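Protein chains in written order, with the working numbering: chain A, 2 to 272; chain B, 2 to 272; chain C, 2 to 272; chain D, 2 to 272.
C-beta: ideal position from N, C-alpha, C; glycine also.
As the structure is a computational prediction, the values presented were derived from the model and not from experiment.
Okay, structure first, notes after.
There are 4 protein chains.
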Amino acid sequence: MRPPLPKQTLQERLHEIIFEADTFWGKFFDVALLLLILMSIAVVMLESITDVALHYGVWLKTLEWVFTILFTIEYFARIYAVKRPIHYIYSFFGIVDLLAILPTYIGLLTTGGHALTVIRALRLVRVFRIFKLGRYLGEGRVLIVALIASRFKITVFLLTVLSLSIILGTLMYLIEGSESGFTSIPRSIYWSIVTLTTVGYGDIAPQTSFGQFVASLIMILGYGIIAVPTGIVSVELANAHANVTTKACPNCSREGHDQDAKFCKYCGEEL
Amino acid sequence: MRPPLPKQTLQERLHEIIFEADTFWGKFFDVALLLLILMSIAVVMLESITDVALHYGVWLKTLEWVFTILFTIEYFARIYAVKRPIHYIYSFFGIVDLLAILPTYIGLLTTGGHALTVIRALRLVRVFRIFKLGRYLGEGRVLIVALIASRFKITVFLLTVLSLSIILGTLMYLIEGSESGFTSIPRSIYWSIVTLTTVGYGDIAPQTSFGQFVASLIMILGYGIIAVPTGIVSVELANAHANVTTKACPNCSREGHDQDAKFCKYCGEEL
Amino acid sequence: MRPPLPKQTLQERLHEIIFEADTFWGKFFDVALLLLILMSIAVVMLESITDVALHYGVWLKTLEWVFTILFTIEYFARIYAVKRPIHYIYSFFGIVDLLAILPTYIGLLTTGGHALTVIRALRLVRVFRIFKLGRYLGEGRVLIVALIASRFKITVFLLTVLSLSIILGTLMYLIEGSESGFTSIPRSIYWSIVTLTTVGYGDIAPQTSFGQFVASLIMILGYGIIAVPTGIVSVELANAHANVTTKACPNCSREGHDQDAKFCKYCGEEL
Amino acid sequence: MRPPLPKQTLQERLHEIIFEADTFWGKFFDVALLLLILMSIAVVMLESITDVALHYGVWLKTLEWVFTILFTIEYFARIYAVKRPIHYIYSFFGIVDLLAILPTYIGLLTTGGHALTVIRALRLVRVFRIFKLGRYLGEGRVLIVALIASRFKITVFLLTVLSLSIILGTLMYLIEGSESGFTSIPRSIYWSIVTLTTVGYGDIAPQTSFGQFVASLIMILGYGIIAVPTGIVSVELANAHANVTTKACPNCSREGHDQDAKFCKYCGEEL
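Rendered as C-alpha cells:
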C-alpha cells in the first residue's frame, strides 16, 4: 500500500493496477472486476430461466450490454498497459478476456445465440485472476504444482479407469441385455462409468441376479481404486513447496517470480 | 478428581464445574448437559412427525418447557460464573446458549413457530462442549488445527469445483435441452454439482448419447479431483501436533491454553 | 511344517491345530473351517430366495444340520484344547462360535425363525480367523492398529458429520416442506446423511430452486469433508508398524505376541 | 532416435521396433498400433448400436476384417522377432494378442457371436503397451509397485467390506421385508454394497423409519471406511520409487530392467 512513485508513466501505473495485486488500487481493481464478472454470470443464468426471461428480458439485455462495454474498455486498457501487447493477446487469459466480450457483439449480427451462452459462461474463468489476491496466491500455486507433478500418474490412472469401464461395460451389455436399459455397448460403458465413479444415478441398473453380482464387484473395485488418485496427490502435495509472488512482468506479463526476484526470469525486464 | 480446595468462592467453584472438565463435578455437569441437549433435540424431531405430534403433543410441549427452563438456569449460572460476563455473552458459545432458549419464549408471543424449529436444532452445536471431555479434546483440536491450516487450499479447491460446475452445467444445458430436465442453467449447475461430487440422485440425468458422453467425462473428472482435498488434509494433519488442555480462563472464558501455561494468553488472568 | 513333536499331549496338539496357523495341520484346519463357514453362509442366503426355498428346501435344511453338527464338534474341541476354557468361552470369538450353532438348535423349539437368520449370518465373523493365515496377519494388524490409533479423531469426525446432518436436515425440512418427500425432521436428516455421504439414492430430492441451492452447498461440503477421515487414517497408517506372530497362548488363548516372545505377555504361560 | 546400427539382423530390428520404444520406429509402431486398437474398439462399439448396425453393417464388417488381418500379421511378426517364441506366446500379452484376433476367425465358423464381442473388447488391454512410451513408463510402474506392495492390506480391507455388506444386508432383509425391494438376502447384500460404496442407485431404498435409521448408520460407516484404502495407497506410494527402463529382453521379452542393467535379470541374455 505504498503510494505510487511519481516517476511512473501512465502505462506503468495501469500495469501495476490491472496486472498486479500488491498495491491498494491493484487490489481494488481485482475486487471490482471480480464483482462485475460474478454479476455478469448471474445475468447469463437468469436469462436461461423461462419465467425470468419473459418478465425481465429487457433489463437483463441492458445489463449484459453494460458489462460487455466495461469489459471491452478493460480489454483495451490491458493491451495498452503491457509493453508487448502481442504476448498478452495470445496468452491464455488474453484469449479468455476476448471471449468474454465477443459473444455479445456477435449476438448483434446473428440470431443463433444459444451457443454463445456457454462462451459467455467462460467469463467465470477470469475469476481465477483473484488468485493473485494476497494469501490465495501461494495456496493455488502449491495445488497447481502438485497437480502438474502428478499429471502423468493421474493420466495413467484415468486411462486405466477408462479401460476398465469399457471392458466391464461390454461385459454387462452381454450379461444384462437390452431389457434393463443396457441397450448398446456405449450405453453400458456410460453405466459402468456411473458405477465405477460411485455416482450411481440409477437411471440404468442391473435387474438380473448375475448382473447385480457383477455390478457389486464393479462397485467394490471402484471403491478400492478411488484410493489411487488420492494417494498420488497426497504424496505430490507433500513434496510441493512453492514460494512465489503476485508480481507480473511489465514487459511480457508472465507471472511466477520468486519473492526476491529483481528481473523477469523469462525476458530479463526489471520487475 | 482431587477434592475442591476450601478457599474457592462460589463463583470459582461454579466456573470449575461449568466451564472446565478436569474435576469430577466438571465431568458430571458436562455429561448431564449432553444428555439434556440430546433429549431436547429428540423432542424437536418427534414434534415434526405428524402422527406423533397428534398423539403426544401435550407431553412434548411440557418436556420442551422443562428443558428450556433448565437451559435458562444454566445460562444465568454461566453469566454469574465468569469474571467478565460480557466476554462470555458475546462469545460464540454464549450466543448459541442464548439461541437455545430464546425460541421457546418467542413461541409464546408469535404463532409463526416453523422457523423457530431450526434455531432450536442449533442446540446440537452445544454438544461440541463435550470435546472438553478428556481424550477427545486433543483430537478435536488436531483436526481443527489441520483444517484451519488448510483453509486457503480448500477454499481455492472448492472455488475451482464451483467454477467447473457452473461452466459444465452451462455446457450440459446447451447439449441436453429441456426435455431431459435440464430446463435452465441454474438447474443444470445443480445437476453438475450432484454429478461432480459423485452424489448422483438421478432425478436429472442426460438422455442423449452426446450428453451421456460429456457426463461420463464430468464423472471421471470428479473422481479424479476428489483426491485433491484429501491430499491437502492429509499433509496438514501430518503437520498438526496440538498440545492443549481443557482449562478455560476464569476471566474471559477463552480456551486453548498450553499444558504449562500459568496465565491466560488473551487477558493475562491467572489460570 | 516341522513334524509335531512326540512329547505333545492330545490337548497341546489340538491347541496347535485349532488355534494356531504355524504348522501344516493348523493351516489345513483353518482352510477347511473357512470353506465350511462360507458354504453355511451360502445355505443361509439360498434359503431366503423364495424360488430356491420352495424347490430345494429339504436339501438346504439337511446341509444346515450337517454344518451345525460340525461346528458343534469344533466348539467343544476348542473348549477342550485351551487350558482355561472359561477365558475362551467369554472371549469375543468364543461367543461368536456359540452364536454360530445356537440358532439351529433354537429353531427346533420355536417357530419364530426369522430373527435367527441374521444371527446365523454372524458366522461370517468367524472368517476373520483367516487373518491368522500367513502373510495376512501382519497386514490386518497394521490396519487395526492404525484404526485404533485414530479412533478418537474418527469419533470426533463422525460426531461432526452427524451434527451437520441433523442441523442441515432440519433446515431442509423448513425449506422444502412435505411435498418433495421431506415429510418430517427425521426423514430430512435421513436425506441429509444420504447427501453428505455422497450416496444419493434420489428417493427424496429437493424440488424448489432454493432447496436445490442449499442441497448443492451440502454436497460440496460433503465432498470437502470426506477428506478428513482419509487424512486421519493416512497419517496413522504411516505411524503403525506392527510386528506380531500367529501364536496364541495355550493357557488364555490370547494373541498378539511378538515374533521373539517365549512367554504369554498376558498370563506368563510358555508359548 | 539414433539411426539403426548396420550390424543388426532383421530379427533384431523387428524386436527393437515392435517390443521397444527407445528408437524412432519403435515409437512410431506403438502410436500406429494404439490408433488401430482404438479404431477397432470403436467398430465393436458401433456394431452394438441397433440403428448403426442396420445402416452401416457391411462397412463395419469390412473394417473388422481389415483390423483382424493387420493384427494377425503383427502377431506373427512378434513371434518371429523374439528369440524364444514360446515365452512370448504364453506370456500375458501373448495371450491377449491372440485373443484379439481369434474371435473374428471363430465368427466365421459359428453363429453364436455375442460372447465373442466381449473378447474383442479385450483388445483394449493391448493399449497398455503404450505405457512403454516415454515418460508414462516410470509413472505406471510406480503405481503398480505401490498397488502390489499394498495388495495384502487392500485384500484384508475388501474382505472386511464384503463381510460387513453380507451381515448388514442380512440385517436389512429382516428389518425391511420384501415390500421395499429387499426380497431376498442376496438382493439385500447387493443393496448394502450399493450403499457402503456410496454408489446409491436408489432402485432399492429403505421405506420404514427403522430401516432408514439403520441405512443412515451404514452410510456413515461407508463414509468413514473409504478412508482406509486411501490411507493404505498413500503410504505405499510414498514408499515406491521405481527406476526402470523401457528395454525388453530380446530372448524372453520380459521387462522391468534397471537403467544400468547389461543382462536380462531373468534369463541372462545380453540386453
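Quick one: Cα of residue i to Cα of residue j, how far?
i	j	result
Leu148 (chain A)	Glu75 (chain D)	38 Å
Phe153 (chain C)	Leu165 (chain D)	22 Å
Val45 (chain D)	Leu197 (chain D)	34 Å
Leu159 (chain C)	Pro230 (chain C)	9 Å
Thr199 (chain C)	Gly203 (chain D)	12 Å
Thr69 (chain A)	Ile102 (chain A)	5 Å
Glu17 (chain B)	Ala82 (chain B)	9 Å
Leu99 (chain A)	Ile226 (chain B)	29 Å
His258 (chain D)	Ser179 (chain B)	Annotation note: pLDDT 49 at His258 (chain D) (below 50); position unreliable, no value reported.
Trp192 (chain C)	Ser185 (chain C)	11 Å
Phe183 (chain D)	Leu144 (chain A)	45 Å
Thr51 (chain C)	Ala43 (chain C)	15 Å
Ile167 (chain B)	Thr161 (chain B)	10 Å
Val32 (chain A)	Phe30 (chain D)	53 Å
Glu13 (chain B)	Gly27 (chain B)	12 Å
Tyr106 (chain D)	Val126 (chain D)	20 Å
Val236 (chain D)	Glu65 (chain B)	50 Å
His56 (chain D)	Phe211 (chain B)	20 Å
Val59 (chain D)	Leu163 (chain A)	29 Å
Leu109 (chain A)	Thr63 (chain A)	13 Å
Lys84 (chain D)	Leu34 (chain C)	48 Å
Ile90 (chain B)	Arg124 (chain B)	16 Å
Ala216 (chain D)	Thr111 (chain C)	29 Å
Ala22 (chain B)	Ser41 (chain B)	22 Å
Tyr155 (chain C)	Ile96 (chain A)	Strictly speaking, residue 155 (chain C) in this sequence is Ile, with Tyr absent from that position. Whole-angstrom Cα-Cα distance: 47 Å.
Gly232 (chain C)	Ile205 (chain C)	31 Å
Phe94 (chain B)	Met173 (chain D)	40 Å
His88 (chain A)	His88 (chain B)	56 Å
What residues in its chain sit with their C-beta under 6 Å from that of residue i, if we drop five residues either side in the sequence?
i	result
Glu48 (chain B)	Ala54 and Leu61
Pro86 (chain D)	Ile80
Gly1 (chain D)	Summary: the structure shown does not reach residue 1 (chain D), with chain D confined to residues 2 through 272, and so no result is reported for it.
Given residue i, which residues of its chain have a CB within under 7 Å of its CB, disregarding the five upstream and five downstream residues?
i	result
Thr10 (chain A)	none
Pro1 (chain C)	A question about residue 1 (chain C) goes unanswered here, because the residues of chain C that appear run from 2 up to 272.
Leu15 (chain C)	Ala78, Tyr81 and Ala82
Val234 (chain D)	Ala147 and Ser151
Ala243 (chain D)	For Ala243 (chain D), the predicted structure reports a pLDDT of 37, less than 50, and the residue's modelled location is therefore unreliable. A value from the coordinates is still provided. Excluding residues within five positions, the ones whose Cβ falls inside 7 Å are Gly139, Arg142, Val143 and Val146.
Between which residues of its own chain and residue i is the CB-CB distance below 8 Å, once the five residues before and five after are set aside?
i	result
Gly201 (chain B)	Val195
Leu1 (chain A)	What the structure shows of chain A is the stretch from 2 to 272, and residue 1 (chain A) is not part of that stretch, so it cannot be assessed.
Leu39 (chain B)	Val128
Thr209 (chain C)	Ile176, Glu177 and Ser181
Leu238 (chain B)	Val143, Leu144 and Ala147
Gln213 (chain B)	Pro207
Interface residues of chain G around residue i at Cβ under 7 Å?
i	result
Ser217 (chain D)	No chain G appears in this structure, whose protein chains are A, B, C and D.
> Are the segment 210 to 226 of chain A and the segment 216 to 231 of chain C touching by the rule of at least three beta carbon pairs closer than 8 Å?
Replying inline: They do not touch, by the three-pair rule.
> Residues in the segment 221 to 238 of chain A with C-beta within 8 Å of chain D's C-beta atoms, listed in sequence order?
Replying inline: Sequence-ordered contacts of the segment 221 to 238 of chain A with chain D read Ile221, Gly223, Tyr224, Gly225, Ile227, Ala228, Val229, Thr231, Gly232, Ile233, Ser235 and Val236 [C-beta pairs closer than 8 Å].
> According to a CB-to-CB cut-off of less than 7 Å, which residues of the segment 183 to 199 of chain B neighbour chain A?
Replying inline: Here the close residues are Ser185, Ile186, Pro187, Thr196 and Thr199.
> What residues from the segment 141 to 173 of chain C come within 9 Å of chain D, judged by C-beta to C-beta, listed N to C?
Replying inline: Flagged, chain order: Gly141, Val143, Leu144, Ala147, Leu148, Ser151, Ile155, Phe158, Leu159, Val162, Leu163 and Ser166.
>> Using a Cβ-Cβ cutoff of 9 Å, what residues of the segment 18 to 42 of chain A are near chain B? List them in chain order.
In response: Cβ contacts with chain B come from Ile42.
> Along the segment 55 to 71 of chain B, what residues have a CB closer than 8 Å to any CB found in chain A?
Replying inline: Of all residues in the segment 55 to 71 of chain B, none is placed with a Cβ closer than 8 Å to any Cβ belonging to chain A.
>> So if I threshold CB-CB distances at 7 Å, which residues from the segment 200 to 211 of chain C count as touching chain D?
In response: Listed by position along the chain: Val200, Gly201, Tyr202, Gly203 and Asp204.
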